[in-house]
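K.L.:
Residue numbers (the working numbering): -18 to 317. C-beta: ideal position from N, C-alpha, C; glycine also. Please see the structure below; I have some questions.
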């Protein structure tokens, strides 16, 4: 049975939400967590309980680590090992090579996949380490709560939305004469924060206030340690809250019969999200744009001074730029 009056007076608390359930209940009456051995086994088969093993977190961590290892392989032969945030030409080119995004409408139209590839790119060891530490800590809460597939969907979608918000902010609200590169996982990580916050709000869990304070504290610390892309953080957080409200609603409306079709579509969407993530990095690596920047910037006989920013090359030097802003190699980055 899934709900009803407890048999006798035997009660047991749910391991996730601490609600009291009958000893013979298959699922928690509050959050839908499988309780009996049969329900746990069925949930594993249907893919709803995969979050307990943090499979999605491990895959996302592995993919990001692989990309950063590739960046290090590019930086090290050129004598650059960025420990702290570094905006040197070598570091920026290494980031663009693997998928960093230029905050420019023209660049976004040319290579829209960089809104996703940039999630897996970082500008320094500190940048990478902080984001991956946050991913590990937050996923321990989020993935068991919503499952591996839903965590992947949240991570990919909030990462994309965060960088879209960055482009809109950098174009409309705070335009710059330069196309500033931005990259990093923190937009997606703030999406996971929002996911947890949304779940707590929907379940009316009083711990949401404590978690909200922790999220604000993390954002302040992160913003002080590196030049943070706050537009990506806010965009990821807001979309993450929406995902949390939706996914927690699924738990509250849980039915005894598994919704196998819905779970299949969710798992398929997550798998496609991972495949598209890998494809976005590969597309960035095959892009001709970073090669042109590399030839122009690293092949110059005279290195520009700290006050100069060399003009970025175009595939057709005689053609006008797609927008009115100058596409130049910037002297700063927008880390997320």
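1) With DSSP as the reference, please indicate the residues paired to residue 2 in a beta bridge.
2) When you compare the CB positions of residue 258 and residue 101, do they come within less than 9 angstroms of one another, or not?
3) Can you tell me which of 161, 132, 129 puts its alpha carbon nearest to the alpha carbon of residue 144?
4) Quick test of your reading: residue 135 and residue 168, contact by CB under 8 angstroms. State the CB separation rounded to the nearest angstrom.
5) With which residues is residue 270 paired in a DSSP beta bridge?
6) Taking all protein chains shown into account, do 16 or more other C-beta atoms lie within 10 angstroms of the C-beta of residue 125, making it buried, or fewer, making it exposed?
7) Give me the Cα-Cα distance between residue 197 and residue 98, rounded to the nearest whole angstrom.
8) Could you pull the DSSP bridge partners for residue 8 from this structure?
9) Answer with buried or exposed for residue 52, where buried requires no fewer than 16 other C-beta atoms within 10 angstroms of its C-beta.
10) Please report the Cβ distance between residue 247 and residue 130, rounded to the nearest whole angstrom; I am assuming they are in contact, meaning their Cβ atoms lie under 8 angstroms.
11) Measure the alpha-carbon distance for residue 271 versus residue 78 and round it to whole angstroms.
12) Can you tell me which of 224, 268, 9 puts its alpha carbon nearest to the alpha carbon of residue 177?
13) Among 60, 87, 93, 9, which one has its Cα closest to the Cα of residue 159?
14) Considering Cα atoms alone, identify which of 96, 164, 222, -4 is closest to residue 189.
15) For residue 114, count neighbouring Cβ atoms within 10 angstroms of its own Cβ and tell me buried if that reaches 16, exposed if not.
16) By the DSSP assignment, the alpha helix (DSSP H) with residue 100 in it spans what residues?
P.N.:
In brief:
1) DSSP, once it has assigned bridges, lists -7 as partnering residue 2.
2) yes
3) Residue 161 is the option with its Cα nearest to residue 144.
4) Incorrect: roughly 12 angstroms between the Cβ atoms, too far for contact.
5) Answer is none; residue 270 lacks a bridge partner.
6) Buried is the label assigned to residue 125, since at least 16 other Cβ atoms lie within 10 Å of its Cβ.
7) 26 angstroms
8) 15
9) buried
10) 5 angstroms
11) 5 angstroms
12) Looking from the CA of residue 177, the closest CA among 224, 268, 9 belongs to 224.
13) 87
14) Ranking 96, 164, 222, -4 by Cα distance to residue 189 puts 222 first.
15) Around the beta-carbon of residue 114, fewer than 16 other beta-carbon atoms lie within 10 Å, marking it exposed.
16) Run containing residue 100: none; DSSP gives neither H nor E here.
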